[in-house]
Structure formats: C-alpha cells, structure tokens
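Single-structure report; data block below.
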Amino acid sequence: MDLDTLTGCLASSACLVTQTTSGFIIGMLLFLVAVGLTLIFGVLKVVNFSHGAFYMFGAYFAMTAYQLTGSFALAMLCGAAGTALLGLIFERVFMSRVYGRDVLMQVLVCYAFVLIFDDVVRMIWGPEFKSMGMPAAFQIPPLFIAGGVVPPYYLLLIAVALVAAIVLGLGLARTRIGKVIRAAAHNPGMVSALGINTGLIYGGVFALGGMLAGLAGALAAPVRSLTPGMGFSVLIESFIVTVIGGMGSILGALIGALLIGMIRSFGSLGFPLFTEGLMYLFMVIVLVSRPTGLFGKEVA
Amino acid sequence: MTRTRKPGISRRSTLALMGAGAVTFATPWVARAQAKTIKVGMPTILSGRVAQLGTSSRNGVMLEVEKVNAAGGLAGRQIEMVIRDSKGQPQEAARVARELVNTDGCELLIDAEASSGAFAVHEVARDLGVLCIHTNSETSALTADPKQHIPNAFRTARQGVHDSIVGGSYAAAISKAKGLKKWATCAPDYAYGRDTTGEFTLYLKRFAPDVEIISESWPKLFQPDYTEVVTKILQAKPQALYSCLWGGDLTSYIDQANIYALFTQMEVFAVNMADYTALTVVKNLPKGIHSGNRYIKTYPATAENAAWGDAYKAKYNEYPTNWSWENATAIMLLAEASKKANSADGKKIAEALRGLKIKSPFGADGTVTMRAEDQTLIGYAIGWGTTIPQEPYVPEVKPGDWKTILELEAEWKKSKGYT
Chain A
579 MDLDTLTGCL ASSACLVTQT TSGFIIGMLL FLVAVGLTLI FGVLKVVNFS
629 HGAFYMFGAY FAMTAYQLTG SFALAMLCGA AGTALLGLIF ERVFMSRVYG
679 RDVLMQVLVC YAFVLIFDDV VRMIWGPEFK SMGMPAAFQI PPLFIAGGVV
729 PPYYLLLIAV ALVAAIVLGL GLARTRIGKV IRAAAHNPGM VSALGINTGL
779 IYGGVFALGG MLAGLAGALA APVRSLTPGM GFSVLIESFI VTVIGGMGSI
829 LGALIGALLI GMIRSFGSLG FPLFTEGLMY LFMVIVLVSR PTGLFGKEVA
Chain B
19 MTRTRKPGIS RRSTLALMGA GAVTFATPWV ARAQAKTIKV GMPTILSGRV
69 AQLGTSSRNG VMLEVEKVNA AGGLAGRQIE MVIRDSKGQP QEAARVAREL
119 VNTDGCELLI DAEASSGAFA VHEVARDLGV LCIHTNSETS ALTADPKQHI
169 PNAFRTARQG VHDSIVGGSY AAAISKAKGL KKWATCAPDY AYGRDTTGEF
219 TLYLKRFAPD VEIISESWPK LFQPDYTEVV TKILQAKPQA LYSCLWGGDL
269 TSYIDQANIY ALFTQMEVFA VNMADYTALT VVKNLPKGIH SGNRYIKTYP
319 ATAENAAWGD AYKAKYNEYP TNWSWENATA IMLLAEASKK ANSADGKKIA
369 EALRGLKIKS PFGADGTVTM RAEDQTLIGY AIGWGTTIPQ EPYVPEVKPG
419 DWKTILELEA EWKKSKGYT
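Chains as they are written, first to last, in the numbering used here: chain A, 579 to 878; chain B, 19 to 437.
Below you can see the structure in the form of structure tokens.
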C-alpha cells in the first residue's frame, strides 16, 4: 500500500487531472466493448463470449486500412463497418441457431469461435504482434491542463466514445427503431406477431454490438499492440463492467466502465500491487449488495 | 437421387488401412537401413502468444543443421531434427521431451523452452541422462545453482546475471555523467521481471551508490493497457526509467508512453528494446532509448555476424531474434564437440563440450566458450547502446567487459551461496 502517494495525488490538481483522464481512457474503451456485450444480452438473451474477437478484428481491420490508405478516419470507419458486417454474418449464420437453447450450447458455440477467430487472424496477419503506429496528425506534444498531462489523441478517443454512448442512449430511448428493439427485448413473440421481422432486429443488434467493439479496437490500435487473442483480457474486464453495471443496462455499462477505469488509474497509485484485486473486490461488493448490478433490473 | 452410404468399413477403406499398416510396419526396417542418422529432439513453443520464440529458435537451429549435415553430420551421422510444440506449458514440455527420447528415439535434446519449461525439461534430462542443451532460458539459477547441476545439461543462452552486471554498470556510468539520481522501474509481474529488475538495480546501485528508486510498477504480463502505469511514472517525476518489458508488451508501452511524451522527460533504459522483433514493429520509435543487445547483425561488427544475419534473413524473410543465435550456437557447439570426440555419443560429446571454445559470429572476441565448471556459455557479445528509428537501429554498442562480468558473477554466486 502506498496511501501517501494517493493522498498526495488527490491534493494536487496536476495529478488529479492526469489520473482522471487516464481513468476515462481506460473506462471509455472498456465501455464501448461492454455496451455491445450488454446490449446483445439485453435483446438476444445470449452471453456473447466471442465478443472480444470483434474488438480484435476492429483493431486489425483498422491497421490494414490505415496501411493501405494512410487515412486515420478511413481506418476507424473500416474497423467499425468491418466488424458490423462480421457481426451480422456471425449472428445470422451461427448464433441465430442457438437462441433459446441450453446456455452451455451457446457458450460452446461462442468459445469455439473465440478459437477459430484467433486462428483466422493468425492465418491472415501472422502470429507475431503488430503495431499500427500513431497517425502523424496526433504525433503532437500532450496538452497541459491545470498542470496535468492530457494527450490530444485520448481527448478524441474519449469524445468518440461519449458520442457513441449518447447516440446509443438517445437512439434507444427516443427513436422508433429504439422502441422496437426495446419491445423485442421484452417480448419477442409479440413483436413478431405485429409483423416486425425480429430476425432482422437480432441481426442488427448483434451487428451494432460488434461494431462498437470493433470501434473500440480501432481506436485502441494506434496505442496497443495487436496480437491474436488480444480480445480475451478486454473481454474479462468487460464482463466485470457488465456485472457491476447490470446486464442489459447501457447506463450501467457506462458507469461500470468508468468506475473500473478510475479504480485502475487511482488504484495503481495507492495500491500498486493490488490494482487488479481491487477491481474484483469492487465487483464482489456490488454482487453482494446488489446482485443484479448497480443499474440492473430485478428479474421478475 | 442420392446414394446412401452403408455404415461400417467398406472394402476400399479396408484395403487402404491394410496398405497403411504395411507401410507402418515396414518403416522400422527402412529406419534401420539408414541407422546413420541421429535424431535430435527439440521441445519448443510453436503456438500461442510467444510462438515467435519457438519459430525463430527452430529457424536458428535449422540454418546450422543444414550446414552441419552438408559437411557430413555428427561423426558421419546426418542430423534429423524432431521439433515438437509444448504450447509454452511446462508439464507439456516435460512430456514432449520424455516422449522424444523414449518413443521417437532421439539421442540428444535441444531444449528451446522459456524458463518455466526449461526447468521441467531439465528434470527429464536428469532422469533420462540424455545430453540436453538449454537454449532459451536466461534464468541464472538454471546453471548457477549447484543443486540444478547435472553432467549432461548445458546452456547456450545468455544469463540474466551477465545482463544485469553489464546493464547496471552501463546505466551507472550514464547516471554519473548526467546526474540521474531518481529512478523508476516498470517490469512485468512474474519471475523474469522481478528477478531481472532486482539484479539490475543491485548493480546500478553498486556502481552508482547515490541512485534512489522512487517508484516501482509491476503491470501484469500481457496487459493490454499501460496508461495508468505511464501516468504513475510521470507523477513520480524520475530522471530515469528502467524496464524489462519485452515483445508486444514493450511496443504497447512505447506507443502509450509516446503520446504522454514520456521519452522526452526521462532517460529510458529498456533492456529488451534492441531485438528486431520489437525494433521493426514499433512505428514511432523514440530516439535514444538505452537497450541491451539481443541479436543485432551490426554487433559484433564483424563480417561473420553480418553474413549470418543476412543468410538468416534471406532464408526466412525476417531478421533473427535473440533466441535464433542462442539456438544456432547449440548446433555449432554440438558439431565441434562431436568432431573433437570423433563420436555422436551423448556422453562423449558432453565430455568434449566442457570448456570447449569455438569460433562464433556471436562471440565478443569472435569466440564463445562453454564454461566447464557450470556448463553455461560465456564470451558472447554483450553490450548496451542507444536506439535510432531506422537501421542499423543501434548504431553504437558499448561492449561489456567479460573480465568484470566474470569477477562480479563469481562474487554474486558466493553471495547466493552457490559456491
């Protein structure tokens, strides 16, 4: 334990700003992955264990697009669009066959694809780690806000994730499609009876979830090394986020992800040897006091 | 109309099976006819996150085996490599090693495992008495600890303590010259990271006693994001940073630290930076990172070394790694020892290996020696320098002095109770 460092940090604006943005970066990327996971669970009622693979594909698609075109915007677009398409195909061809089946069956299908997708990446891009590199536009000195260090690229990253969160939240709450999705989550039989193609909705939601994870991967690609299997550790943390926030809740995913980000960022100062443990400890506390998560609804 | 297949074995498949059986049974006879080949077993990591460790080890071995076979093999017997994947799991490495000897009839073992697996294979070698050369494990205790010592096991890899002595004295010299008193460390949280960091700081403080470690970070191995570690180090405001992160972890760390302009705020010493696997992957390599040499074809700056690096690149379309030279050295030593003993017998080769000095492209003075007392490699090229973002990547390497290394190593062994 190193509480002096932690209290020292909380007293200094420079440290506070740096660590808070650092928590935001970790949290917002995690949010993009976790929100897809929670959305898919909320509507399709499956726990998508292969979700990390979409994060991985997003990163690889972005890297390849960036190498081919040199355009960062196009790289992000390819990362998101590519994984959306992949998600749609994956849902229509495979996942749609196991809805309503035994959970074990669903987990097995997903786990099989974790392995298959990793090997596909290995075959296409090779087993060794890769790096996309920071686009020239962002190779600029960090900003100093109240003495704290804030890299411009991370500001963009946080902004993109925030926009995604807002669009998603408003979209689900205010638009017609959002209403249909919520209805399908609640009672798919009735929605289908009203003449709405639920298959399309399921495919669309899965594609959206995949796209968000892919976007996270694409945004992370310039700063994280790309390897087959890179989705796994992100998936574990996303599960922690959804457990804390409540399965199926978008706001819960946002709050949960930010909490995890802050725990990592400030925990590494105060409890350098127990940062990981702190995350799990927090999860246990939430599970004991609110088994459905902070924003999860009671199961009727 | 669809034709239905009857279940059960058809006549055609029965015939095929019989044919296959006949071939299988005939094989031992064929093998006997060519009893001149000598099988060398090699457990290594060919799948998973560090598969590169295994493939570049295999490449290093095969490059040399071809030369040895072309020159007549080991005492007239052609080498046949039997290379198996251990998936990086110690128990699997031990199982594979045992199987290679007992079932496949391998007479020698090249153990190209990381440290965790190497200790497991070492026990198999102790049990079976087969000649075994450890090529990748750099953990000092594997050969330094007398409890580990067996007459039939050798090591052709670097040794952690050598690296730490050279790194510590190099870093101390720069510390003194630039007045770097406040240091931070950042290393992966497992045996290698802990040991190497401990040994490095030990020698750094020994050569520069006023150095103080003000911040330590221990991220998980294979952690995807280091942002909180980067910002923590920035908060501590050290003058210098030591890290033994490696591979993809190191490149992630550099990319993430770069956007915080960490490299402009302190001197960075990253022992594993100067390996082609990391150098060629990082897109925006900061100038002036201090690193130990791993394998680099410009150091030692000899024609032999450059030629070896180029030959490897021509054959495998990538640069050799640290493990490539360590594995190639095992074959070079085996070939020389076998020549000296005029035999391919494991025991006789082992006898000849002890104290054997051979010409080598990787030697600090053009030779490397298999030290007799603890059967580990000494005299290999070892040094530190600073990086630039394009070839030759490390333009100037300050060589470590083997006389000092050996003196301090002896002292270290005494302090550990190994002698």
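C-beta: ideal position from N, C-alpha, C; glycine also.
request  = Please report the Cβ distance between residue 812 of chain A and residue 630 of chain A, rounded to the nearest whole angstrom; I am assuming they are in contact, meaning their Cβ atoms lie under 8 angstroms.
outcome  = 5 angstroms
key: Residues within the segment 807-820 of chain A neighbouring chain B, beta-carbon criterion of under 8 angstroms   = 807, 808, 811, 812
query = For the segment 275-289 of chain B, which residues have a CB atom closer than 7 angstroms to at least one CB atom of chain A, in sequence order?
reply = 276, 277, 278, 279
task = Output, in sequence order along the chain, the residues in the segment 694-725 of chain A whose CB is closer than 8 angstroms to any CB in chain B.
result = 705, 706, 707, 708, 709, 710, 711, 712, 716, 717, 719, 720
query = Does the beta carbon of residue 645 of chain A sit closer than 8 angstroms to a beta carbon anywhere in chain B?
reply = no
ask   = Which term fits residue 785 of chain A, buried or exposed, when burial requires 16 or more other beta carbons within 10 angstroms of its beta carbon?
value = buried
key: Test item: CB-CB of residue 256 of chain B and residue 284 of chain B under 8 angstroms   = yes
ask   = Ordered along the chain, which non-local residues of its own chain (more than five positions away) have a Cβ less than 6 angstroms from that of residue 441 of chain B?
value = This structure does not reach residue 441 of chain B, given that chain B is present from 19 up to 437, and the question cannot be answered.
query = Relative to chain A, which residues along the segment 252-272 of chain B have a C-beta separation below 7 angstroms, given in chain order?
reply = 252, 253, 265, 266, 269, 270
ask   = Does DSSP classify residue 100 of chain B as helix, strand or coil?
value = strand
ask   = What three-state label does DSSP hand residue 293 of chain B in the structure shown?
value = strand
message = So, for residue 765 of chain A: in the same chain, excluding its five sequence neighbours on each side, which residues have a beta-carbon less than 8 angstroms away from its beta-carbon?
response = none
key: Within 8 angstroms, strictly: CB atoms of residue 186 of chain B and residue 220 of chain B   = yes
request  = Note down, in chain order, each residue of its chain lying with its Cβ closer than 7 angstroms to the Cβ of residue 97 of chain B, except the 5 sequence neighbours on either side.
outcome  = 56, 58, 83, 86, 87, 91
key: Inter-residue CB distance, residue 604 of chain A and residue 245 of chain B (contact presumed, cutoff 8 angstroms)   = 6 angstroms
inquiry  = Spatial neighbours of residue 45 of chain B within its chain, please: C-beta separation below 8 angstroms, excluding the five flanking residues on both sides.
reply    = In this prediction, residue 45 of chain B has a pLDDT of 47, which is less than 50 and means its spatial position is unreliable; what the coordinates show is noted afterwards. Cβ neighbours of residue 45 of chain B beyond the five flanking positions: none.
ask   = Which class does residue 696 of chain A belong to by DSSP, given the choice of helix, strand or coil?
value = helix
query = What does residue 168 of chain B pair with, by DSSP beta-bridge criteria?
reply = DSSP lists no partner for residue 168 of chain B.
Rounded separation between residue 710 of chain A and residue 632 of chain A - CA only = 17 angstroms
message = Against chain B, with Cβ distances strictly below 8 angstroms, would residue 731 of chain A count as a contact?
response = yes
request  = With 7 angstroms as the limit, tell me which residues of the segment 59-87 of chain B have their beta carbon closer than that to any beta carbon of chain A; keep them in chain order.
outcome  = 67, 69, 70
ask   = Do you know offhand how far residue 213 of chain B's Cα is from residue 777 of chain A's?
value = 56 angstroms
query = Is the Cβ of residue 242 of chain B closer than 8 angstroms to any Cβ of chain A?
reply = yes
ask   = Ends of the alpha helix (DSSP H) at residue 886 of chain A?
value = Absent from the structure is residue 886 of chain A, since the part of chain A shown begins at 579 and ends at 878.
message = Quick check on DSSP: helix, strand or coil for residue 396 of chain B?
response = strand
message = DSSP three-state label for residue 245 of chain B, please.
response = helix
ask   = Alpha carbon to alpha carbon, how far is residue 306 of chain B from residue 726 of chain A?
value = 25 angstroms
task = On a CA-only basis, which of B:248, B:250, B:387, B:193 is nearest residue 227 of chain B? Give me that one, please.
result = B:193
ask   = Closest Cβ-Cβ distance between residue 846 of chain A and chain B: below 8 angstroms?
value = yes
message = Check whether chain B comes within 8 angstroms of residue 669 of chain A, counting only Cβ atoms and requiring the distance to be less than that.
response = no
task = Give a yes or no on whether the minimum CB-CB distance between residue 878 of chain A and chain B is below 8 angstroms.
result = Residue confidence for residue 878 of chain A is low, a pLDDT of 41 falling below 50, so the modelled location carries little weight; the figure read from the coordinates is stated next. For residue 878 of chain A, the answer is no, since every Cβ of chain B falls outside 8 angstroms of its Cβ.
key: 6 angstroms Cβ shell around residue 138 of chain B - same chain, five flanking residues per side excluded   = 108, 111, 112
ask   = CB residue 170 of chain B to CB residue 147 of chain B, shorter than 8 angstroms?
value = yes
Secondary structure, alpha helix (DSSP H): runs of 4+ residues fully inside the segment 747-827 of chain A = 754-764, 766-771, 776-798, 809-823
query = Between which two residues does the alpha helix (DSSP H) carrying residue 333 of chain B extend?
reply = 321-334
ask   = DSSP puts residue 677 of chain A in a beta bridge; with which residues?
value = Partner(s): none; residue 677 of chain A has no beta bridge.
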